[in-house]
Amino acid sequence: MKLPASPELDDLRVFCMVARKSSFSAAADALDASAAYVSKRVGILEASLGTRLLHRSTRRVAMTAAGERVFAWAEKILDDMEQLVEDVSSTRRVARGTLRVSSSFGFGRKFVAPALAALSDRYPQLGVRLDLFDRVVDVAGEGFDLDVRIGDEIAGHLIARRLATNYRVLCASPAYLAQRGEPRTVADLEAHECLAIKERDHPFGVWRLDAGGKTVAVKVTGPLSTNHGEAAVQWALAARGIVLRSIWDVQPLLDEGRLRRVLPELTQPANVWAVFSERLAQSAKVKVCVDFLAEAFAQAGVGCAAQAASQGTSKPQSRTTPTLVHSHTTA
Numbered sequence: 001m002k003l004p005a006s007p008e009l010d011d012l013r014v015f016c017m018v019a020r021k022s023s024f025s026a027a028a029d030a031l032d033a034s035a036a037y038v039s040k041r042v043g044i045l046e047a048s049l050g051t052r053l054l055h056r057s058t059r060r061v062a063m064t065a066a067g068e069r070v071f072a073w074a075e076k077i078l079d080d081m082e083q084l085v086e087d088v089s090s091t092r093r094v095a096r097g098t099l100r101v102s103s104s105f106g107f108g109r110k111f112v113a114p115a116l117a118a119l120s121d122r123y124p125q126l127g128v129r130l131d132l133f134d135r136v137v138d139v140a141g142e143g144f145d146l147d148v149r150i151g152d153e154i155a156g157h158l159i160a161r162r163l164a165t166n167y168r169v170l171c172a173s174p175a176y177l178a179q180r181g182e183p184r185t186v187a188d189l190e191a192h193e194c195l196a197i198k199e200r201d202h203p204f205g206v207w208r209l210d211a212g213g214k215t216v217a218v219k220v221t222g223p224l225s226t227n228h229g230e231a232a233v234q235w236a237l238a239a240r241g242i243v244l245r246s247i248w249d250v251q252p253l254l255d256e257g258r259l260r261r262v263l264p265e266l267t268q269p270a271n272v273w274a275v276f277s278e279r280l281a282q283s284a285k286v287k288v289c290v291d292f293l294a295e296a297f298a299q300a301g302v303g304c305a306a307q308a309a310s311q312g313t314s315k316p317q318s319r320t321t322p323t324l325v326h327s328h329t330t331a
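Next up, the structure:
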């Protein structure tokens, strides 16, 4: 008796990406393929299963009831297959296949991108894709193997390995401080312009600061705000206000005297983590990437990277409830 043809794994993989992205074009971009190819493979999968999996419209793509069942099974099948391949590869210590990495704009551009280029040179059988965002990504749900994340708030179901010790500091230009005066307490911030940045790990317009073992949450507003740290630093250099930025970003400017620390007793923990799902804990490609990034960040002088990397896998400590301090509102 002739058995019905089984769906191709690649077709399941394409379908899952379309389902995650709710878009053929976005899925094609993620897969480095054409939209026509993606549409064709989904059509072949639907034909092989004898049912429609997706509702297609000009605006978005949504799964049918059958599509939702297939998606759940396909995710498990693909995960199991990847686990099988990774388990065999791990015994040979071989990193191969495609590694999808996500990170934030500033840190990703400055440190992650060059490190991954060097990783690709060392492991020619490994293909690397880097996506940069101004938000926290759903690592497994969005199809990423690894997220290089700044900030200590990490979901408990994820594995996190610290790559570098980092913290954020308050700073401003000498010209701004000469014009507006220097704040001496947290409450003094209400008399100053504060440059709010939409960070991946904190609510917009709220600065959570460690003050002598206590956490203080400062609500800040001002005439200038952004989702890009580099823009905020440029405003700070132009004497437009006080900025809260990672020490890896502003240390050179502090050394040059172009920026000065403000309220130096206040900091915000923002360590650099490699975050991945539990199913990839034994993945050869993830392991070599994490080890390589820790080494690269140490050589680049990112925080105390070498010391942090030697401490292995760990999780950030939970935060205590912060004391809320209201800053001013600028019309």
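This note's numbering numbers the first residue of the sequence shown as 1 and each following residue consecutively. We put the beta carbon where it would ideally sit given N, CA and C, even for glycine. Quantities reported herein were computed from a predicted structural model and do not represent experimental measurements.
Asked: The segment 124-131 in contact with the segment 98-109 per 3-pair CB rule at 8 Å; Found: yes
Asked: Within 7 Å, strictly: CB atoms of aspartate 147 and serine 102; Found: yes
Asked: Within 7 Å, strictly: CB atoms of valine 42 and alanine 28; Found: no
Asked: Inter-stretch contact at 8 Å, needing at least 3 Cβ pairs: the segment 258-273 / the segment 228-242; Found: yes
Asked: Limits of the alpha helix (DSSP H) - the one that aspartate 255 falls within; Found: 247-256
Asked: Within 7 Å, strictly: CB atoms of valine 216 and valine 186; Found: yes
Asked: Straight-line gap, alanine 308 to valine 137 (C-alpha atoms, nearest Å); Found: Here alanine 308 scores only 42 on pLDDT, less than 50, and its place in the model should not be relied on; the value that follows carries that caveat. Cα to Cα, the separation comes out at about 23 Å.
Asked: Beta-carbon gap between alanine 270 and tyrosine 167 smaller than 7 Å; Found: yes
Asked: Range covered by the alpha helix (DSSP H) that runs through phenylalanine 111; Found: Run containing phenylalanine 111: none; DSSP gives neither H nor E here.
Asked: Collapsed DSSP secondary structure at tyrosine 123 in the structure displayed; Found: coil
Asked: Three-way DSSP call (helix, strand, coil) for arginine 59 in this model; Found: coil
Asked: For serine 104, the three-state DSSP class (helix, strand or coil); Found: strand
Asked: Cβ contact (3+ pairs, closer than 8 Å) linking the segment 276-291 and the segment 188-195; Found: no
Asked: Cutoff 6 Å; reference alanine 19; Cβ partners in own chain excluding five residues on either side; Found: Met63 and Phe71
Asked: Short Cβ contact (7 Å threshold) for valine 220 with glycine 205; Found: yes
Asked: Close beta carbons around glutamate 278, own chain, < 8 Å, minus the five adjacent residues each side; Found: His157, Leu158 and Ile159
Asked: Residue range of the alpha helix (DSSP H) that includes phenylalanine 15; Found: 9-21
Asked: Candidates Val275, Lys110 and Leu119, of which the one nearest serine 246 by Cα; Found: Lys110
Asked: Separation of arginine 184 from glycine 106, as counted between CA atoms; Found: 30 Å
Asked: Rounded separation between leucine 209 and methionine 17 - CA only; Found: 39 Å
Asked: Exposure of alanine 232, with buried meaning 16 or more beta-carbon neighbours within 10 Å; Found: buried
Asked: Cβ-based neighbour list, alanine 140, same chain, cut-off 6 Å, excluding 5 preceding and 5 following; Found: Ser277
Asked: Close-in-space but distant-in-sequence residues of the same chain around arginine 149 (CB under 6 Å, 5 per side omitted); Found: Trp273 and Val275
Asked: Beta-carbon proximity list for leucine 9, same chain, < 6 Å, skipping 5 on both sides; Found: none
Asked: Residue range of the unbroken beta strand (DSSP E) whose run includes aspartate 147; Found: 146-150
Asked: When Ser23, Ile77, Asp79 and Leu49 are compared against arginine 60, the one with the closest alpha-carbon; Found: Ser23
Asked: Per DSSP, the bridge partner or partners of glutamine 268; Found: Arg168
Asked: Contact under 7 Å by Cβ, leucine 54 with proline 7; Found: no
Asked: Tryptophan 235 and leucine 224 closer than 7 Å at C-beta; Found: yes
Asked: Pick from Asp11, Ala30 and Glu295 that is closest to glutamate 142, judged by C-alpha positions; Found: Ala30
Asked: Nearest candidate by alpha-carbon position, reference threonine 237, set Arg13, Ala155, Ala211 and Leu254; Found: What sits at residue 237 in the sequence shown is leucine, not threonine. The residue with the shortest Cα to Cα distance from leucine 237 is Leu254.
Asked: Status (buried if at least 16 other CB within 10 Å, exposed otherwise) for glutamine 268; Found: buried
Asked: Counted within 10 angstroms of its Cβ, other Cβ atoms place glutamate 256 as buried (16 or more) or exposed; Found: exposed
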